[in-house]
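Participant: Heads up: the sequence lines are chains A and B, in that order. Counting in the numbering used here, the first sequence runs from 2 upward without gaps. Counting in the numbering used here, the second sequence runs from 2 upward without gaps.
There are 2 protein chains.
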Amino acid sequence: MEASQQGRALRSDAERTVRTILEAAERVLSKNPSASMEQIAEAAGVARTTVHRRFASRDALVSAMEGWATRQFAAAVDSANPETTPPLVALYQVTASVLRVKIDWGFAMSRASSDPEVARVHSEVEDRCERLFLKAQATGLLRADVDPAWARRVYYALIHEAAQSQGDDADTLATLLVDTLLRGVGTDRGLG
Amino acid sequence: MEASQQGRALRSDAERTVRTILEAAERVLSKNPSASMEQIAEAAGVARTTVHRRFASRDALVSAMEGWATRQFAAAVDSANPETTPPLVALYQVTASVLRVKIDWGFAMSRASSDPEVARVHSEVEDRCERLFLKAQATGLLRADVDPAWARRVYYALIHEAAQSQGDDADTLATLLVDTLLRGVGTDRGLG
DNA sequence: CAGAGTTGCAACACTGATGTTGCAAGTGCT
DNA sequence: AGCACTTGCAACATCAGTGTTGCAACTCTG
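(1) Taking Cβ-Cβ distances below 9 Å as the criterion, which residues of the segment 15 to 30 of chain A are in contact with chain B?
(2) On the criterion of 16 or more Cβ atoms from any shown chain inside 10 Å, does Lys103 (chain B) qualify as buried, or is it exposed?
(3) Please work out which residues of its chain come closer than 8 Å, Cβ to Cβ, to Val52 (chain A), disregarding the five sequence neighbours upstream and downstream, and give them in chain order.
(4) Let me check one thing: in DSSP terms, what residues is Leu143 (chain A) bridge-paired to?
(5) In chain order, what residues of the same chain lie with their CB nearer than 6 Å to the CB of Pro88 (chain B), ignoring the 5 residues before and after it?
(6) Just curious, the alpha helix (DSSP H) that Glu43 (chain A) is in, first and last residue?
(7) Along the chain, where does the alpha helix (DSSP H) that runs through Gly107 (chain A) open and close?
(8) Whose C-beta lies closer than 7 Å to the C-beta of Ala152 (chain B) among residues of the same chain, with five residues either side of it excluded?
(9) Roughly how many angstroms separate the alpha carbons of Asp79 (chain A) and Ala70 (chain A), rounded to a whole number?
(10) Can you tell me the Cα-Cα spacing of His161 (chain A) and Asp14 (chain B), whole angstroms?
(11) Alpha helix (DSSP H) containing Thr85 (chain B): first to last residue?
(12) At 4 residues or longer, and completely inside the segment 149 to 183 of chain B: list those alpha helix (DSSP H) runs for me, N to C.
(13) Quick one, which of A:Tyr157, A:Ala57 and A:Ala77 has its alpha-carbon nearest Glu131 (chain A)'s?
(14) Nearest chain B C-beta to Leu183 (chain A) closer than 9 Å, yes or no?
(15) Verify the CB distance criterion: does Ser64 (chain A) have a CB-CB separation below 9 Å to chain B?
(16) Answer with yes or no whether the minimum CB distance from Thr86 (chain A) to chain B is below 9 Å.
(17) Hey, would you say Val179 (chain B) sits closer than 9 Å to Leu92 (chain B), going by beta carbons?
(18) Quick check: Ala109 (chain B) and Val95 (chain B), are their CB atoms within less than 9 Å of each other?
(19) Please report how far the alpha carbon of Gly193 (chain A) lies from the alpha carbon of Arg184 (chain B), in whole angstroms.
(20) Tell me whether Gln6 (chain A) sits in a helix, a strand or coil according to DSSP, three-state version.
(21) I need the DSSP call for Phe56 (chain A), collapsed to helix, strand or coil.
(22) For Leu174 (chain B), which residues of its own chain have a beta-carbon under 7 Å away from its beta-carbon, when the five flanking residues on both sides are left out?
(23) If you compare alpha carbons, which of A:Asp189, A:Ala57 and A:Val126 is closest to Ala145 (chain B)?
(24) Taking its Cβ as the centre, do 16 or more other Cβ atoms sit within 10 Å of Ala25 (chain A), making it buried, or is it exposed?
(25) Would Ser115 (chain B) pass as an interface residue toward chain A - the criterion being a Cβ-Cβ separation below 9 Å?
(26) Would the beta-carbon of Val122 (chain B) fall within 9 Å of that of Phe56 (chain B)?
(27) Using beta-carbon positions only, say whether Ala81 (chain B) and Ser64 (chain B) come within less than 9 Å of one another.
(28) Below 8 Å on the Cβ atoms is my contact criterion, and I expect Val186 (chain A) with Val186 (chain B) to pass it. Report the Cβ-Cβ distance as a whole number of Å.
(29) Compare the Cα-Cα distances from Thr18 (chain B) to each of B:Thr86, B:Ala48, B:Ala36 and B:Gly168 and report the closest residue.
(30) Just by C-beta distance, which residues in the segment 84 to 108 of chain A are closer than 9 Å to chain B?
(31) Within 10 angstroms of its Cβ, does Pro83 (chain B) collect 16 or more other Cβ (buried), or is it exposed?
(32) For a test of the three-state rule: what should DSSP assign to Pro117 (chain B), helix, strand or coil?
(33) Figure out for me which residue from A:Arg28, A:Arg112 and A:Ala150 has the closest Cα to the Cα of Asp60 (chain A).
(34) My output table needs one value for Ser124 (chain A): the three-state DSSP class, helix, strand or coil.
(35) Sorted by chain position, which residues of the same chain lie with C-beta nearer than 7 Å to Val119 (chain A)'s C-beta, five sequence neighbours on each side aside?
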């Protein structure tokens with residue numbers, strides 16, 4: 002084999018390999034959830050055996066992706082301080098933060114994990130989001146005649162859609178998203 | 002084997018089997034896109050070999066699902082006459098009609114088919130939808146400052162989300178969906 | 001009742017993906 | 001240079017899913 006492709010040994014290098022594989026796996030699996038380990042390895046620029054050395058099984062790899070993405074996810078929500086700012090501000094901040102993560106880790110984030118810790122974090126975020134929407138309705142940001150559960154589903158759907166965008170930065174998308182969520186895309190003057 | 006499980010022969014029966022398999026496949030694959038033929042057969046209440054007799058391969062089965070769903074889809078859009086009614090009416094009618102199909106054929110409908118005929122129908126519907134949104138903007142139903150492409154993406158996302166609902170009928174969902182699309186979920190009075 | 005048609009079941013071959021191992025070779029640290 | 005570590009590669013075993021076939025059994029029609 003050639004020198005340039007050979008191992009550079011030691012821990013920091015191994016960690017870099019792990020990250021490279023995780024990122025490649027996200028890229029490949031988001032396009033094709035049933036892609037093979039071979040395809041993932043190829044995308045990461047390593048041999049398939051290297052992937053298996055780092056992750057005992059396919060499940061272990063996916064679990065690691067979920068774990069990594071979930072930590073980023075939780076950190077993103079935390080950084081937005083949704084409990085201590087006005088609902089509109091919180092909504093915007095959470096949206097922008099989450100989008101930054103979801104754009105890069107869409108596959109890993111939108112999986113019902115079997116890992117209890119990951120599931121716990123997800124349902125925790127779910128709860129915080131629910132509380133945010135209830136508060137938003139109580140303060141009059143959300144219409145009183147709208148089911149907050151539906152509003153939340155719409156919000157998730159918009160996040161998912163916005164995260165598919167290429168080229169726009171998270172802040173631009175968050176602005177557009179929150180505007181669309183709250184005002185819709187129609188005028189107020191009824192029938193066209 | 003027992004009598005009650007045995008074949009009842011003849012053509013109308015064979016057709017019923019095909020339909021049963023298609024419906025079971027949709028049910029199973031919408032929950033797990035990589036489910037096996039065995040699982041599909043079990044859900045349909047037939048032996049795996051029977052599925053293989055009716056559909057030469059897994060691809061053939063999925064293609065048949067796409068074909069069936071696409072025909073329903075095209076018929077649904079046609080029945081709504083989106084070109085000959087005011088945009089708001091068209092939007093509502095199309096939404097209700099499409100939801101009726103998408104609730105039952107969500108998996109088969111949201112796949113980029115390799116069958117050129119299916120792909121053609123899909124892009125045709127896409128075009129009609131695009132024209133509808135442009136018209137909606139021209140007539141003032143959509144705000145002038147909203148990118149119609151974004152509005153359409155939001156619309157698709159809402160359709161997808163609404164189609165996941167259980168228990169509500171298509172008309173109720175269409176009303177809710179169009180209302181949310183045009184007005185959003187917020188009040189007009191800004192910060193809460 | 002006879003024949004056509006369909007099904008379930010068991011058995012088989014084939015394929016692609018998964019996971020493992022041994023070995024040679026390269027890199028960085030000491 | 002020697003050591004620790006990691007990688008690529010080739011080879012292998014295993015397994016699950018796919019697709020095929022032969023056969024017996026059943027039902028419906030005529």
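Glycine residues also receive a C-beta, built at the ideal position from the N, C-alpha and C atoms.
Facilitator: According to the data block:
(1) Taking a C-beta cut-off of 9 Å against chain B, none of the residues of the segment 15 to 30 of chain A qualify.
(2) Locating residue 103 (chain B) in the second sequence gives position 102, counting from the first residue. With 16 or more other Cβ atoms from the protein chains shown falling within 10 Å of its own Cβ, Lys103 (chain B) counts as buried.
(3) By 1-based counting over the first sequence, the position of residue 52 (chain A) is 51. Counting only Cβ-Cβ distances below 8 Å, and skipping sequence neighbours, we find Ile22, Met38, Ile41, Ala42, Ala45 and Leu62.
(4) Numbered from its first residue, the first sequence carries residue 143 (chain A) at position 142. DSSP output for Leu143 (chain A) lists B:Gly187 as bridge partner(s).
(5) Taking the first residue of the second sequence as position 1, residue 88 (chain B) is located at position 87. Lys136, Ala137, Thr140 and Leu142.
(6) Numbered from 1 along the first sequence, position 42 holds the residue referred to as residue 43 (chain A). Start and end: Met38 to Ala45.
(7) Position 106 of the first sequence, counted from the first residue, corresponds to residue 107 (chain A). Taken as a continuous stretch (DSSP letters only), the alpha helix (DSSP H) holding Gly107 (chain A) covers Pro88 to Met110.
(8) The residue given as residue 152 (chain B) occupies position 151 in the second sequence. The answer, listed in chain order, is Phe134 and Leu143.
(9) Residue 79 (chain A) sits at position 78 when you count from the first residue of the first sequence. Residue 70 (chain A) sits at position 69 when you count from the first residue of the first sequence. Roughly 14 Å between the two C-alpha positions.
(10) The residue labelled residue 161 (chain A) in the question sits at position 160 within the first sequence. The residue labelled residue 14 (chain B) in the question sits at position 13 within the second sequence. Between His161 (chain A) and Asp14 (chain B), the C-alpha separation is close to 43 Å.
(11) By one-based count along the second sequence, residue 85 (chain B) stands at place 84. Neither: Thr85 (chain B) is in no alpha helix (DSSP H) and is coded neither H nor E.
(12) The qualifying runs are 149 to 164.
(13) To locate residue 131 (chain A), count along the first sequence from 1; it is residue 130. Answer by Cα proximity: A:Tyr157.
(14) For the purposes of this step, residue 183 (chain A) is taken as residue 182 along the first sequence, with counting starting at 1. Chain B, which has a Cβ nearer than 9 Å to the Cβ of Leu183 (chain A), makes this yes.
(15) Looking up residue 64 (chain A) in the first sequence gives position 63. For Ser64 (chain A), the nearest beta carbon of chain B is not closer than 9 Å to its own beta carbon.
(16) As a working note, residue 86 (chain A) is residue 85 in the first sequence. Not an interface residue.
(17) For the purposes of this step, residue 179 (chain B) is taken as the residue at position 178 of the second sequence. For the purposes of this step, residue 92 (chain B) is taken as the residue at position 91 of the second sequence. Contact flag set, yes.
(18) To locate residue 109 (chain B), count along the second sequence from 1; it is residue 108. To locate residue 95 (chain B), count along the second sequence from 1; it is residue 94. Going by C-beta atoms, Ala109 (chain B) is not nearer than 9 Å to Val95 (chain B).
(19) Within the first sequence, numbered from 1, the residue matching residue 193 (chain A) stands at position 192. Within the second sequence, numbered from 1, the residue matching residue 184 (chain B) stands at position 183. Bear in mind that the predicted position of Gly193 (chain A) carries a pLDDT of just 37, short of 50, making it unreliable; the figure below should be weighed with that in mind. Taking the straight line joining both Cα atoms gives about 14 Å.
(20) Taking the first residue of the first sequence as 1, we reach residue 6 (chain A) at position 5. Per-residue confidence for Gln6 (chain A) stands at a pLDDT of 42, beneath the threshold of 50, marking its modelled position as unreliable; the derived number appears in the next sentence. Gln6 (chain A) carries a helical assignment under DSSP once its states are collapsed to helix, strand and coil.
(21) On the first sequence, position 55 is the one that residue 56 (chain A) refers to. If DSSP states are grouped into helix, strand and coil, Phe56 (chain A) belongs with coil.
(22) Locating residue 174 (chain B) in the second sequence gives position 173, where the first residue counts as 1. Within the same chain, Cβ atoms closer than 7 Å to the Cβ of Leu174 (chain B) are found at Leu100, Ala163 and Ser166, the five residues on either side in sequence being excluded.
(23) Looking up residue 145 (chain B) in the second sequence gives position 144. For Ala145 (chain B), the nearest C-alpha among the options comes from A:Asp189.
(24) Sequence index remark: in the first sequence, residue 25 (chain A) carries index 24 (1-based). Classification of Ala25 (chain A): buried, given that the 10 Å Cβ count is 16 or more.
(25) For the purposes of this step, residue 115 (chain B) is identified with residue 114 of the second sequence, where counting begins at 1. The beta-carbon of Ser115 (chain B) is placed no less than 9 Å from the nearest beta-carbon of chain A.
(26) Along the second sequence, read from residue 1 onward, the residue named residue 122 (chain B) stands at position 121. Along the second sequence, read from residue 1 onward, the residue named residue 56 (chain B) stands at position 55. Contact: no.
(27) Position 80 of the second sequence, counting from 1, holds the residue named residue 81 (chain B). Position 63 of the second sequence, counting from 1, holds the residue named residue 64 (chain B). Ala81 (chain B) places its beta carbon 9 Å or farther from that of Ser64 (chain B).
(28) In the first sequence, the residue the question calls residue 186 (chain A) occupies position 185. In the second sequence, the residue the question calls residue 186 (chain B) occupies position 185. Your pair Val186 (chain A) and Val186 (chain B) does not check out as a contact, with CB atoms roughly 12 Å apart and the cut at 8 Å.
(29) For the purposes of this step, residue 18 (chain B) is identified with residue 17 of the second sequence, where counting begins at 1. Measuring from the Cα of Thr18 (chain B), the nearest candidate turns out to be B:Ala48.
(30) Residues are counted here when their Cβ sits less than 9 Å from a Cβ of chain B; for the segment 84 to 108 of chain A these are Pro87, Pro88, Leu89 and Val90, given in chain order.
(31) Within the second sequence, numbered from 1, the residue matching residue 83 (chain B) stands at position 82. Buried, because 16 or more other Cβ atoms sit within 10 Å of the Cβ of Pro83 (chain B).
(32) Start at 1 with the first residue of the second sequence, and residue 117 (chain B) comes out as number 116. Here Pro117 (chain B) sits in helix by DSSP.
(33) Your numbering for residue 60 (chain A) matches position 59 in the first sequence. Of A:Arg28, A:Arg112 and A:Ala150, the residue nearest in Cα terms is A:Arg112.
(34) If you number the first sequence from 1, residue 124 (chain A) lands on position 123. Correct three-state label for Ser124 (chain A): helix.
(35) Mapped onto the first sequence, residue 119 (chain A) falls at position 118. Only residues of its own chain outside the window of five on either side were considered, and among them Glu67, Gly68 and Thr71 have a CB closer than 7 Å to the CB of Val119 (chain A), listed in chain order.
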